[in-house]
Amino acid sequence: MDIKEEKVCVTDLRPGMYVSRLDRPWLETPFLMQGFYINTTADIDELARHCESVYVDKVRSKTPVVPPTKPARTPQENRLEQIVANGKGRQAYQDVTDFDTEVQTAKAGYHDLASAVEDVMAKLRKGTMLDLPALKKAISPMIESVVRNPDAYLWLARLKDKDSYTYKHAVSTSIWAVAFGRHLGLAKKDIEQLALGCLLFDIGKTKLPEALLLKPDQLTEDEFELIKQHVLYGMEIVKDAKVNHDAILSIIMSHHERYDGSGYPRGLKGHEIPVFARMAAIVDFYDAVTSERVYGHTISPSDAVKELYALRDSKFQGELVEQFIQAIGLYPAGTIVELSDEQVGIVIAQNRTRRLRPKVMLILDSDKCHHEDFPVVDLLADPTDAMGNLLEIRNSLEPGAHGIDPGQYYL
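Quick note on the working numbering: the sequence shown kicks off at 122 and runs consecutively.
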């Protein structure tokens, strides 16, 4: 009898199906039999720990292999699509505090949020169940602060180092996501789900060896396959914790899907990918490439924006890329910039009407010597240099340029 196989995503397996092949060698898994029936959901869970997809023998299977139906969109998903497409139903948020005021509140909230995430991840590594209420409590002040004025937390989102990348990346992507949602005019309840989803989308990495996550060299193909399992591990963690918000689950499951279908774990494309997951993919990429990591080259925020723009309508949805760029600007708060007179400073606040002319705290003078009092220049006021020329930003610099750590200033 000819074997008629069909590749099936692990999440679409059902008891009664006969697994004839895996997406990896049998010897790399604990399965003793090369070919077996799925008898219980526990068998599916065990497969999910090692595989993304398997090959099912349709002839020997007792349960028919039915192509997965496209899930019906929820009312929330339809509403979000309308906001992205034409702005219908969006809310208008305005800055109600200035940077000087907001940063004082934001410092304590950021510390509490980072500590909560670090604590939750440490406990998960020890086998403790996810404490979602603790994360909700810690994330709420951040959301309120970003809604009032995004600049303080966007500054703080820059404060991370390569040794704490995993949990600081979770915090930072959540901050970028809230700023993104605010710009789109999402309702606060939507923003909260978006923020929590981005905070949790890499939670499955707590089930992976830390040595693998901190490996400074390029991953092997097998190592990358293992890294990809963090999506399924993450789904296990949140389902064990009884997290049942569709939006949050969709972010965790689909933040590595790509608009052109080249992502994982299911190879979704276009609008098959939930809108929050499409947004999460953008903030994940942006924060990763602008952060100091043990692997990968760090680039400046403006270069990251250029890369994102080049990837619109291929890896990421074009409309969402353009909205994200509008949300953060070329020079978000915390960006190190060089001015036209060769002074170097840190952007501390956006001018919402003229994004290319923010407020900049000057750190180094034209000779690259430290200023004593770190003056602030508002480029919106069209200041001039010593020669009477209009002062403007020449370019943005990569994080850590000239040894500058934004955390040492202003905070």
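Backbone N, C-alpha and C define an ideal beta-carbon position, used for all residues, glycine too.
Same chain only: Cβ atoms within 7 Å of G391, ignoring 5 sequence neighbours per side: Sequence index remark: in the sequence shown, residue 391 carries index 270 (1-based). Taken in chain order, the residues that qualify are Y380.
Delimiting residues of the alpha helix (DSSP H) encompassing R246: Residue 246 sits at position 125 when you count from the first residue of the sequence shown. Its alpha helix (DSSP H) spans residues 220-246.
Assigned exposure category for R478 - 16 Cβ within 10 Å defines buried: For the purposes of this step, residue 478 is identified with residue 357 of the sequence shown, where counting begins at 1. Its Cβ being crowded by 16 or more others within 10 Å, R478 is buried.
Helix, strand or coil at E127 according to DSSP, with G and I counted as helix: Counting from 1 along the sequence shown, the entry for residue 127 is found at position 6. If DSSP states are grouped into helix, strand and coil, E127 belongs with the strands.
Beta-ladder partner(s) of A470, from DSSP: As a position in the sequence shown, residue 470 is number 349, starting the count at 1. In the DSSP output, where bridge partners are listed per residue, A470 has K480.
Selection from R200, L321, H366, G521 that minimises the alpha carbon distance to H580: In the structure as shown, the chain begins at 122 and stops at 532. Residue 580 is therefore absent and cannot be evaluated.
Cα-Cα separation, N160 to G137: Taking the sequence shown and counting its residues from 1, the one referred to as residue 160 is at position 39. Taking the sequence shown and counting its residues from 1, the one referred to as residue 137 is at position 16. For N160 and G137, the distance between alpha carbons rounds to 6 Å.
Buried or exposed by the 16-neighbour rule on C-beta atoms within 10 Å, applied to M400: Here residue 400 is taken as the residue at index 279 of the sequence shown, counted from 1. Classification of M400: buried, given that the 10 Å Cβ count is 16 or more.
Own chain, CB closer than 6 Å to R181, minus 5 neighbours either side, in chain order: Residue mapping note: residue 181 aligns to position 60 of the sequence shown, counting from 1. For R181, where only same-chain residues beyond five positions count, the Cβ hits under 6 Å are Y139.
Of the residues H171, D240, K247, the one placed nearest A259, counting alpha carbons only: Within the sequence shown, the letter at position 138 stands for residue 259. A259 has its Cα closest to that of D240, out of H171, D240, K247.
Inter-residue Cα distance where the pair is G248 and I369: Numbered from its first residue, the sequence shown carries residue 248 at position 127. Numbered from its first residue, the sequence shown carries residue 369 at position 248. If I take the Cα positions, the gap works out to 22 Å.
N365 burial status per 10 Å Cβ neighbour count (16 or more: buried): In the sequence shown, the residue the question calls residue 365 occupies position 244. Answer is exposed; the Cβ neighbour count stays below 16.
8 Å contact criterion, which G355 and G325 should meet: CB distance rounded: On the sequence shown, residue 355 is found 234 positions in, with the first residue counted as 1. On the sequence shown, residue 325 is found 204 positions in, with the first residue counted as 1. Their Cβ separation, rounded to whole angstroms, is 3 Å, which keeps G355 and G325 in contact under 8 Å.
Delimiting residues of the beta strand (DSSP E) encompassing E459: Locating residue 459 in the sequence shown gives position 338, counting from the first residue. Taken as a continuous stretch (DSSP letters only), the beta strand (DSSP E) holding E459 covers 457-460.
F157, DSSP secondary structure in three states: By 1-based counting over the sequence shown, the position of residue 157 is 36. The answer is strand: DSSP assigns F157 an E or B state.
Stretch pair the stretch 499-518 + the stretch 396-413: three plus CB contacts closer than 8 Å: no
Integer-rounded CB distance, given that V404 should sit under 8 Å from C319: Along the sequence shown, read from residue 1 onward, the residue named residue 319 stands at position 198. Along the sequence shown, read from residue 1 onward, the residue named residue 404 stands at position 283. Correct: roughly 6 Å between the Cβ atoms.
Through-space distance from P151 to A426, alpha-carbon basis: Residue 426 sits at position 305 when you count from the first residue of the sequence shown. Residue 151 sits at position 30 when you count from the first residue of the sequence shown. Sequence check: residue 426 is Val here, not Ala. The straight-line gap from Cα to Cα measures roughly 44 Å.
Stretch-stretch touch, CB-based, cutoff 8 Å, three pairs: the stretch 427-442 with the stretch 463-476: no
Validate contact between the stretch 492-507 and the stretch 435-448 using beta carbons, cut 8 Å, 3 pairs: Contact between the stretch 492-507 and the stretch 435-448 is absent, because fewer than three Cβ pairs lie under 8 Å.
Cβ pair count under 8 Å reaching 3, the stretch 209-228 against the stretch 301-309: yes
DSSP bridge partner residues for I514 (one or two, in chain order): The count along the sequence shown starts at 1 and reaches residue 514 at position 393. I514 is bridged to L460.
Helix, strand or coil at Y452 [DSSP, three-state]: Taking the first residue of the sequence shown as position 1, residue 452 is located at position 331. Note: Y452 maps to coil in three-state DSSP.
Buried or exposed by the 16-neighbour rule on C-beta atoms within 10 Å, applied to E342: The residue labelled residue 342 in the question sits at position 221 within the sequence shown. So E342 counts as exposed.
A273 vs E223 beta-carbon contact at 9 Å: Counted from its first residue, the sequence shown places residue 273 at position 152. Counted from its first residue, the sequence shown places residue 223 at position 102. Yes, Cβ-Cβ distance for A273 and E223 is below 9 Å.
Which listed residue (D219, I358, E167, Q203) has its alpha carbon closest to that of L245: Here residue 245 refers to the residue found at position 124 of the sequence shown. Comparing Cα-Cα distances from L245 to each of D219, I358, E167, Q203, the minimum goes to I358.
Cβ shell of Y158 (< 6 Å), same chain only, five flanking positions each side left out: Within the sequence shown, residue 158 is the residue found at index 37, counting from 1. Excluding residues within five positions, the ones whose Cβ falls inside 6 Å are Y139.
Own chain residues within Cβ distance below 8 Å of H492, not counting five before or after: Here the question's residue 492 lines up with position 371 in the sequence shown. Only L483, I484, L485, D486 meet the Cβ criterion.
Collapsed DSSP secondary structure at M122 in the structure displayed: The residue labelled residue 122 in the question sits at position 1 within the sequence shown. Residue placement at M122 cannot be trusted, given a pLDDT of 42 that sits under 50; what the coordinates show is reported in the next sentence. M122 falls in the coil class under three-state DSSP.
Host beta strand (DSSP E) of R142 (start-end): Within the sequence shown, residue 142 is the residue found at index 21, counting from 1. Note, R142: beta strand (DSSP E), 139-143.
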